[in-house]
Amino acid sequence: MSDYLVIVESPAKAKTIERYLGKKYKVKASMGHVRDLPKSQIGVDTEHNFEPKYITIRGKGPVLKELKSAAKKAKKVYLAADPDREGEAIAWHLAHSLNLDTASDCRVVFNEITKDAVKESFNHPRPINMDLVDAQQARRILDRLVGYKISPLLWKKVKKGLSAGRVQSVAVKLIIDRENEIKNFVPEEYWTITGQFEYKKQSFTASFHGINTLDNKKQELKSEEEVKNVLAQIQEEKFTVQSVTKKERKRNPSPPFITSSLQQEAARKLNFRARKTMMIAQQLYEGIDLGKEGTVGLITYMRTDSTRISETAQKEAQEYILNDYGEEYTKKSTAKRKNNNAKVQDAHEAIRPTSVHRTPASVKGALSRDQYRLYKLIWERFVASQMAPAVMDTMTVDLVNGPIVFRANGSKIKFPGFMKVYVEGSDDNKEEKDAILPDLKEGDSVTTESIDPKQHFTQPPPRYSEARLVKTLEELGIGRPSTYAPTLDTIQRRGYVALENRRFIPTELGEIVIQLISEFFPEIINVEFTARMEKDLDEIEEGKENWVKVIDEFYKDFQVRLEIAEKEMEEIEFEDEPAGEDCEKCGNPMVFKMGRYGKFMACSNFPDCRNTKAILKEIGVTCPHCKEGKVVERKSKKRRVFYGCSQYPECEFVSWDKPVSRPCPKCDRLLVEKKLKKGVQVQCTECDYKEEPQE
Numbered sequence: 000m001s002d003y004l005v006i007v008e009s010p011a012k013a014k015t016i017e018r019y020l021g022k023k024y025k026v027k028a029s030m031g032h033v034r035d036l037p038k039s040q041i042g043v044d045t046e047h048n049f050e051p052k053y054i055t056i057r058g059k060g061p062v063l064k065e066l067k068s069a070a071k072k073a074k075k076v077y078l079a080a081d082p083d084r085e086g087e088a089i090a091w092h093l094a095h096s097l098n099l100d101t102a103s104d105c106r107v108v109f110n111e112i113t114k115d116a117v118k119e120s121f122n123h124p125r126p127i128n129m130d131l132v133d134a135q136q137a138r139r140i141l142d143r144l145v146g147y148k149i150s151p152l153l154w155k156k157v158k159k160g161l162s163a164g165r166v167q168s169v170a171v172k173l174i175i176d177r178e179n180e181i182k183n184f185v186p187e188e189y190w191t192i193t194g195q196f197e198y199k200k201q202s203f204t205a206s207f208h209g210i211n212t213l214d215n216k217k218q219e220l221k222s223e224e225e226v227k228n229v230l231a232q233i234q235e236e237k238f239t240v241q242s243v244t245k246k247e248r249k250r251n252p253s254p255p256f257i258t259s260s261l262q263q264e265a266a267r268k269l270n271f272r273a274r275k276t277m278m279i280a281q282q283l284y285e286g287i288d289l290g291k292e293g294t295v296g297l298i299t300y301m302r303t304d305s306t307r308i309s310e311t312a313q314k315e316a317q318e319y320i321l322n323d324y325g326e327e328y329t330k331k332s333t334a335k336r337k338n339n340n341a342k343v344q345d346a347h348e349a350i351r352p353t354s355v356h357r358t359p360a361s362v363k364g365a366l367s368r369d370q371y372r373l374y375k376l377i378w379e380r381f382v383a384s385q386m387a388p389a390v391m392d393t394m395t396v397d398l399v400n401g402p403i404v405f406r407a408n409g410s411k412i413k414f415p416g417f418m419k420v421y422v423e424g425s426d427d428n429k430e431e432k433d434a435i436l437p438d439l440k441e442g443d444s445v446t447t448e449s450i451d452p453k454q455h456f457t458q459p460p461p462r463y464s465e466a467r468l469v470k471t472l473e474e475l476g477i478g479r480p481s482t483y484a485p486t487l488d489t490i491q492r493r494g495y496v497a498l499e500n501r502r503f504i505p506t507e508l509g510e511i512v513i514q515l516i517s518e519f520f521p522e523i524i525n526v527e528f529t530a531r532m533e534k535d536l537d538e539i540e541e542g543k544e545n546w547v548k549v550i551d552e553f554y555k556d557f558q559v560r561l562e563i564a565e566k567e568m569e570e571i572e573f574e575d576e577p578a579g580e581d582c583e584k585c586g587n588p589m590v591f592k593m594g595r596y597g598k599f600m601a602c603s604n605f606p607d608c609r610n611t612k613a614i615l616k617e618i619g620v621t622c623p624h625c626k627e628g629k630v631v632e633r634k635s636k637k638r639r640v641f642y643g644c645s646q647y648p649e650c651e652f653v654s655w656d657k658p659v660s661r662p663c664p665k666c667d668r669l670l671v672e673k674k675l676k677k678g679v680q681v682q683c684t685e686c687d688y689k690e691e692p693q694e
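Position 335, counted from 1, in the sequence shown is what numbering that gives the first Met the number 0 calls 334; the numbers after and before it change by one each time, with no gaps.
Printed below as a string of structure tokens:
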């Protein structure tokens with residue numbers, strides 16, 4: 000018989016921890032929550048202080064029976080769920096189910112699953128933190144009230160299967176607002192003039208800056224007439240260097256990852272969806288079998304909004320950087336980074352490797368491809384965050400020709416610093432390139448090779464990607480680290496939004512639901528209201544606010560709005576759009592439906608006939624194999640776009656690269672558009688013919 004029983008959420012975590020604790024400890028998994036509000040009813044007594052009615056989750060009976068049996072045999076039971084509100088609530092529910100005293104020292108928490116961290120946590124057990132439990136309970140009850148009161152209304156007035164929620168409704172509203180911005184966007188014309196210059200056989204680029212720019216402000220060109228006026232004032236081929244400004248600029252590393260920044264960077268650099276990022280991060284946190292070293296957690300807890308790093312981890316990182324890169328790469332100041340975000344709870348450290356000495360290369364053999372890529376990203380970001388700033392030599396040169404001023408900007412890396420390890424990605428996928436200018440001095444004369452005026456039009460704001468939406472929700476104070484990935488998943492499953500080219504577009508259903516919520520429950524989609532509610536939940540966690548009072552203040556107005564909506568909300572007839580063809584299985588008309596991945600065709604005789612078809616998008620190219628079918632855009636099971644013949648399965652032509660309608664001028668075979676890091680390049684699939692890349 001084991002002296003001590005330890006209960007965690009998952010078998011992987013249990014396996015890792017049991018290795019560290021020794022024979023006296025038995026570690027079992029609760030498989031997440033064991034109790035929750037019932038699905039069949041609201042489960043909250045709104046008449047008596049919002050008392051929740053918890054029941055054992057269906058299917059958890061055998062797990063709970065096993066845990067009760069083990070608890071009876073143990074001298075002491077420790078609850079070691081994750082170190083956040085959700086984990087505290089899981090521990091509290093377990094304590095109630097196992098008849099444990101919540102005021103006893105039964106709770107242990109650790110930010111990383113390593114031998115030292117786990118053993119240290121068992122030296123300092125504590126009672127269950129009821130402020131944390133109340134904050135989680137308040138969120139759960141609020142979401143239940145909103146969901147179980149508004150959802151039946153939507154089922155009755157719109158269609159079955161709909162739902163409403165505080166965070167998800169705001170997310171859909173943001174996507175709809177962005178789509179309206181794009182629809183209402185009026186492009187404005189503007190022009191640029193780019194000059195190619197030469198000095199001592201070295202070419203460089205400069206752009207028009209202004210006419211007699213005494214105030215040093217760049218002059219905007221808004222019409223062809225203004226451009227002609229500039230060009231008319233350029234008198235000769237040579238420009239003179241009017242001024243040269245050289246500066247040294249420091250560039251600081253990005254802080255280590257928090258939940259939202261990890262999701263954003265994994266989307267940019269690894270093409271991971273938020274849900275996938277969190278699933279793999281969970282695996283890295285709970286433990287990986289490293290062979291001789293055994294099973295060990297590779298990263299610290301992945302649900303955090305703090306960039307704080309422990310002194311031990313900082314010291315270990317500095318030693319590693321000193322040994323592997325040299326003293327000049329170590330961070331000279333160990334001053335704590337000031338966090339300007341008042342919403343940060345700072346309960347945990349940032350996401351970092353549990354040991355900097357477990358380099359990505361050293362653990363690669365034990366990891367899957369995706370685990371390795373995410374771990375490498377986390378490791379590099381952490382190490383870079385502890386390194387010296389990069390030093391850039393910048394140079395600004397003004398060239399004059401009469402009253403016309405062109406400006407060239409250049410920079411080169413004087414000292415790479417943290418950039419030797421890692422540079423943060425950007426949402427627009429633009430790579431930073433250093434333009435290196437000749438060693439120019441005031442009074443030098445440069446030769447003009449070409450002057451190229453170009454017309455442009457302003458572009459509407461981009462649709463939200465998952466990364467952009469997470470970043471926006473975080474900036475607005477909507478949701479918390481644990482809510483981002485589930486929220487994005489929910490709004491797609493409900494059919495409120497669809498992903499098109501990895502960008503969110505609202506569906507007609509989503510627009511109707513948000514319009515109704517906006518009319519009858521405006522506070523639900525009000526950004527300030529939702530952010531304030533998050534602040535109230537944080538204050539409950541800190542013991543500054545009473546959870547019943549917070550819910551009561553919300554529910555008073557909400558109940559009134561519900562009564563009005565019941566009477567005044569009109570029923571909406573939802574008619575499917577005809578697809579213009581009949582079902583090949585039963586002969587009934589096909590209609591367009593909207594799923595989580597966009598539009599598709601389905602039989603109108605559903606559920607009797609469940610035939611569905613993808614909408615084939617022709618690209619204007621005849622199939623190069625059968626010469627009869629059309630090349631159409633398709634999607635793989637993992638939603639990756641590829642191209643195939645419309646005559647499939649008779650013709651099995653496929654291509655990951657987009658075919659081009661004209662043949663190769665060199666060998667008359669198929670040309671395709673090859674995606675580069677920046678832009679696309681037309682290439683032949685048979686010979687070495689290539690065209691200049693296009694942005």
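C-beta atoms are modelled at their ideal positions from N, C-alpha and C, and glycine is treated no differently.
Just so we're clear, the structure is a prediction, and the values are computed from it rather than from any experiment.
Under the DSSP definition of a beta bridge, D392 partners with E247, K411.
Cα atoms of A69 and L4: separation of roughly 7 Å, rounded to the nearest angstrom.
Within the same chain, P37 come within 6 Å of I54 by CB-CB distance, once the 5 residues on both sides are set aside.
Our two residues, K598 and I513, have alpha carbons roughly 20 Å apart in a direct line.
Residue burial annotation: E264 is buried, with at least 16 other C-beta atoms found within 10 angstroms of its C-beta. Secondary structure at V420: coil, using DSSP grouped into helix, strand and coil. Annotation: the region 125 to 204 contains the following complete segments of the alpha helix (DSSP H) (minimum length 4 residues), in chain order: 129 to 156, 165 to 183. Closest in alpha carbon position to V243, among V659, D392, Y319, is D392. Rounded to the nearest whole angstrom, the CA to CA distance from R493 to L161 is 6 Å. A distance below 8 Å between beta-carbons, with the five flanking residues on each side excluded, links V362 to the following residues of its chain, in chain order: I287, L289, L297, Y371, Y374. Spatial neighbours of M386 in its own chain (CB-CB distance under 8 Å, excluding positions within 5 residues in sequence) are listed in chain order as P252, I320, Y324, Y328, T329, K330, G416, F417, K419, V420.
Within its own chain, the residues whose Cβ lies closer than 8 Å to the Cβ of F519, once the five positions on either side in sequence are excluded, are R560, I563, A564, E567, M568, listed in chain order. The Cβ atoms of H208 and R406 lie closer than 8 Å to each other. Per DSSP, the beta bridge partners of G209 are V404. Per the Cβ contact rule, the region 106 to 119 is in contact with the region 71 to 88 (3 or more Cβ pairs under 8 Å).
When DSSP states are grouped into helix, strand and coil, I320 belongs to the helix group. Taking a C-beta distance under 8 Å as the contact criterion, P623 and P664 do not qualify as a contact pair. Per DSSP, reduced to three states, the secondary structure at K534 is helical. For V166, same chain residues with a beta-carbon under 8 Å away, outside a window of 5 residues either side, are L472, I477, G478, T482, T486, T529 in chain order.
Around D488, the same chain offers R274 as residues with beta carbons nearer than 7 Å, after the five sequence neighbours per side are excluded. With a 10 Å radius around the Cβ and a threshold of 16 neighbouring Cβ atoms, A231 comes out exposed.
With respect to the 8 Å criterion, A434 and N408 are classified as neighbours on the basis of their beta carbons.
For L669 and Q646, the gap between their C-alpha atoms comes out near 18 Å. In terms of CA proximity to T306, I350 leads the group K534, I350, L269, K158. The beta carbon of W546 lies closer than 6 Å to those of D133, A137, I539 in the same chain, with the five residues before and after it left out. Rounded to the nearest angstrom, the gap between the Cα atoms of T447 and V229 is 15 Å. For Q262, the enclosing alpha helix (DSSP H) starts and ends at 258 to 269. Listed in chain order, the beta strand (DSSP E) elements of length 3 or more contained wholly in the region 595 to 636 are 597 to 602, 616 to 621, 629 to 634. Nearest Cα to E527 within the set N500, T113, E474, V33: E474. For Y77, the enclosing beta strand (DSSP E) covers residues 75 to 78. Apart from the 5 residues on each side of it in sequence, V169 sits with its Cβ closer than 7 Å to the Cβ of I477, I524, V526, T529 in its chain, given in chain order. Sequence-distant Cβ neighbours of K268 in its own chain, meaning closer than 6 Å and more than five residues away, are G424.
When I412, I149, P82 are compared, the shortest CA-CA separation from E285 is found for P82.
Here V640 has E632, K634 as same chain residues with Cβ atoms under 7 Å from its own Cβ, once five neighbours each way along the sequence are excluded. With respect to V399, Q241 sits close: the two C-beta atoms are nearer than 8 Å. In this structure, F256 is the residue among F256, K314, E465 with its C-alpha nearest to the C-alpha of Y300.
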